[in-house]
Each structure stands twice: as C-alpha cells, then as structure tokens.
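One structure is given here, and the rest of the page talks about it.
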C-alpha cells in the first residue's frame with residue numbers, strides 16, 4: 005500500500021506539476037492512520053525527494069527565473085518555519101480532532117480556490133505587468149500553510165506567478181518546482197526536528213514515487229493537464245470535506 009501511494013502521487017506530480025504535499029498528507033492520515041504531524045513531515049520529505057528528480061532538468065533547460073525565485077523565498081522560507089512552529093504548538097497543546105479539522109479546512113479552501121482558477125480562460129492576451137515585488141508578501145502566508153499542512157506550494161505558487169509576473173508558462177513551472185522543492189526541504193528539516201518521521205514509510209513512498217515519476221515523465225505528452233488537475237481538485241475537495249465531517253461527527257459524540 006505504501007509503495008502504491010508513493011507511485012500514484014508521483015505520477016500526478018509528473019503529469020500535472022502539482023500535488024506532492026497536497027495529496028500525500030490526507031492519504032497517509034486516511035488510509036494508513038498516520039498521526040497528522042508525522043503525516044505532514046513525511047509529506048514534505050517525500051515532496052522534496054520527488055522534486056529533487058525534477059529540479060536539475062528545469063535548471064538545465066534554463067526554465068528557472070532566479071530573480072523571481074529569490075523574491076518568493078524571502079517570504080516563503082520564514083513562512084514555512086512559522087507554519088512548522090504552529091503545528092508543533094497544536095501537536096503539544098491541541099487535540100488530534102482539532103488538528104485534523106484544520107487540515108481539512110486547508111484542503112477545502114485550496115481546492116475551492118483552484119477549481120475557481122480552473123474556470124479562468126487560458127492567458128492569450130499580452131502578459132500582465134510585472135508585479136513580482138508583491139511576491140514576498142503573498143509567499144509568507146503560503147509558506148505558513150505549507151509548513152502547517154504540507155499543501156498548496158505548487159498549486160498556489162503557480163497561480164501567483166501567472167497573475168503577478170510576465171514569465172513564460174515553462175518558466176512558471178520551472179520556478180515553481182524549484183520553489184516547492186526548497187520549501188519542502190526546509191519544512192521537512194523543521195518537522196523532522198520537531199516531530200520525527202517514519203523512515204520505513206518514507207523509504208517505501210520514495211521507492212514507489214521514483215517509479216511513478218518515470219512513468220509520468222514518459223506519458224506526460226499524451227495526457228491533457230487541465231482535466232487531470234481539475235479532477236485532482238474535486239477529489240481534494242471531497243477529501244477535505246470528509247475530514248471536516250468526520251471530525252465534527254466525532255466531536256459531537258464526545
């Protein structure tokens with residue numbers, strides 16, 4: 005089961021460019037019963053490991069805007085550390101039901117935003133004005149969300165880059181993959197320090213994930229991205245709603 009989860013998530017990442025932390029954490033909690041803090045830490049480490057395979061090719065193709073990436077990191081890196089500390093505080097002082105409910109809320113809001121964004125037309129007019137100076141302020145709360153739930157870096161980062169910069173679609177993808185990799189790397193280090201992780205589980209996920217990246221990379225040219233992404237967000241909306249409902253139901257019977 006652990007190999008299969010890693011494989012499926014990695015296929016989604018290779019085909020759509022998003023999904024590592026967003027999919028991993030709820031699957032680990034729902035199907036494997038992993039406690040939420042450990043699931044977030046494992047999701048971030050798995051995301052970093054899978055994206056490590058993708059980063060060198062993006063750099064080699066010169067698809068990374070280092071100026072835009074540095075602006076994103078100015079806000080994102082402090083944010084992911086703050087999010088890790090928030091989760092640490094809730095882990096120590098908050099009940100598990102509250103933690104799962106908050107994670108469900110993050111998934112629902114992320115999915116709703118992305119479903120709304122999916123209905124916007126493809127950008128065909130002139131690129132927007134460069135407003136990249138706003139990126140540090142937007143990446144701070146995004147980093148907090150990633151540090152808290154491991155969700156959202158790829159998807160919401162892509163939306164911000166499309167809206168605020170004049171980067172080409174290839175540069176948006178490349179810059180966002182490197183940003184997500186660095187955020188996952190720093191966040192997983194902070195979580196590993198605070199929460200620890202299950203090394204056996206992580207190893208199985210990564211082994212399955214490497215096979216998934218290989219398959220996804222080979223088949224990506226034949227699979228349409230937009231319908232696949234839309235299906236992913238609808239599924240996450242259902243999963244997040246399930247988290248909230250289950251926790252509300254359990255809380256009412258305490």
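Residue numbers (this note's numbering): 5 to 258. Beta carbons are placed, not taken as given, at the ideal position from N, Cα and C, and that holds for glycine.
Residue i - containing alpha helix (DSSP H), residue span
i, result
"residue 47", "40-64"
"residue 153", "139-153"
"residue 210", "203-223"
Within 7 Å, strictly: CB atoms of residue i and residue j
i, j, result
"residue 44", "residue 29", "yes"
"residue 206", "residue 49", "yes"
"residue 73", "residue 179", "yes"
"residue 9", "residue 34", "no"
"residue 62", "residue 68", "yes"
"residue 51", "residue 194", "no"
"residue 40", "residue 102", "no"
"residue 18", "residue 221", "yes"
"residue 90", "residue 217", "no"
"residue 168", "residue 138", "yes"
"residue 140", "residue 75", "yes"
"residue 148", "residue 165", "no"
"residue 170", "residue 134", "yes"
"residue 109", "residue 151", "no"
"residue 253", "residue 104", "no"
"residue 215", "residue 11", "yes"
"residue 115", "residue 240", "yes"
Buried or exposed by the 16-neighbour rule on C-beta atoms within 10 Å, applied to residue i
i, result
"residue 242", "exposed"
"residue 183", "buried"
"residue 187", "buried"
"residue 233", "buried"
"residue 111", "buried"
"residue 268", "Since the first residue of the chain shown is 5 and the last is 258, residue 268 is not available in this structure."
"residue 83", "buried"
"residue 185", "buried"
"residue 237", "buried"
"residue 37", "exposed"
"residue 235", "exposed"
"residue 5", "exposed"
"residue 204", "exposed"
"residue 153", "buried"
"residue 27", "buried"
"residue 227", "exposed"
"residue 64", "exposed"
"residue 122", "exposed"
Ordered list of alpha helix (DSSP H) runs contained in the segment 172-198, each at least 4 residues: List check, alpha helix (DSSP H) in window: 173-198.
Residue ranges of each alpha helix (DSSP H) within the segment 63-123, 4 or longer: List check, alpha helix (DSSP H) in window: 70-97 and 100-122.
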